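Residue numbers (this note's numbering): 1 to 249. We put the beta carbon where it would ideally sit given N, CA and C, even for glycine. As the structure is a prediction and not an experimental result, all values here were calculated from the model. Inspection log for the structure reproduced underneath, given as structure tokens.
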């Protein structure tokens, strides 16, 4: 904080509950020691932009949210391994069915606001991937990763999903979600998927014509909840890009 105040990136004159300004509160604390490597200097960042990247492409025409620190690199391409629901991925991990040795993009779908319903946390699957010590995996989903979880991922997931000399990619909040007929609904095992944080892209190596052909045989899944408050929520809720609101009608 003292470094940020000195650089003019944190407003030091802001009054706080101590009755002193931020700068006054920090005045008695020592500055960062010369040569320390824990907090990078402002002229030598790991990544020049923040760790949140908004991606778009033929897999996420509406947008998707990626958490990419830069340690894991800025681009990843791998074969799709598709799961309808997080529980199906959990079963595959428990059975050792996620291959090692080649780059894999795990796709978890039907976990969005309507498909979940409620966009449930995707914590169990990512923890299981970490526990399985898979070193060749990226994970994309129309589900959610919360702010509380992001701390876990920055400290643990990015350290465990090592891609050669880099670390794993996690992309969530894919819009449109699978349950409403977003392109993620017709991804197939073996499709090549590229996550590109340099060009803010999330794409599969499938033509627009082929995507249209696949949708001709796609059927909207039956709702898993048909009564009660959660069913009303699933009926009313909007997409993740607009905050999964229930009053946009």
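For residue i, does the count of other Cβ atoms within 10 angstroms reach 16, so buried, or fall short, so exposed?
i           : result
residue 126 : buried
residue 140 : buried
residue 29  : exposed
residue 54  : exposed
residue 204 : buried
residue 221 : exposed
residue 173 : buried
residue 89  : buried
residue 76  : buried
residue 20  : exposed
residue 46  : exposed
residue 39  : exposed
What do you reckon, are the CB atoms on residue i and residue j nearer than 8 Å?
i           : j           : result
residue 219 : residue 179 : no
residue 230 : residue 117 : yes
residue 98  : residue 123 : no
residue 193 : residue 105 : yes
residue 58  : residue 183 : yes
residue 169 : residue 66  : yes
residue 144 : residue 121 : yes
residue 8   : residue 23  : no
residue 52  : residue 138 : no
With DSSP run on the structure shown, which of helix, strand or coil describes residue i?
i           : result
residue 98  : coil
residue 63  : strand
residue 73  : coil
residue 68  : coil
residue 79  : strand
residue 105 : strand
residue 3   : helix
residue 119 : coil
residue 90  : helix
residue 139 : strand
residue 158 : With a pLDDT of 36 at residue 158, under the threshold of 50, the modelled position of that residue is not reliable, and the figure given next carries that caveat. Residue 158 falls in the helix class under three-state DSSP.
residue 237 : coil
residue 40  : coil
Of the residues the options, which one's Cα is nearest the Cα of residue i?
i           : options            : result
residue 213 : 190, 228, 202, 185 : 185
residue 240 : 189, 222, 130, 64  : 64
residue 210 : 228, 224, 43, 187  : 187
residue 266 : 198, 191, 199, 197 : For the chain, the structure presents residues 1 to 249; residue 266 sits outside this window and is missing.
residue 223 : 144, 112, 245, 16  : 112
residue 50  : 40, 68, 37         : 68
residue 61  : 137, 200, 102, 129 : 200
residue 78  : 96, 107, 6         : 107
residue 94  : 36, 129, 233       : 129
residue 1   : 18, 16, 31         : 31
Does the distance between the C-beta of residue i and the nearest non-hydrogen atom of the ligand NAP fall short of 7 Å?
i           : result
residue 232 : Judged by which ligands are present, the structure shown has none, so any question about the ligand NAP falls away.
Residue ranges of each beta strand (DSSP E) within the stretch 173 to 207, 3 or longer: Fully enclosed beta strand (DSSP E) runs of 3 or longer: 192 to 196, 201 to 204.
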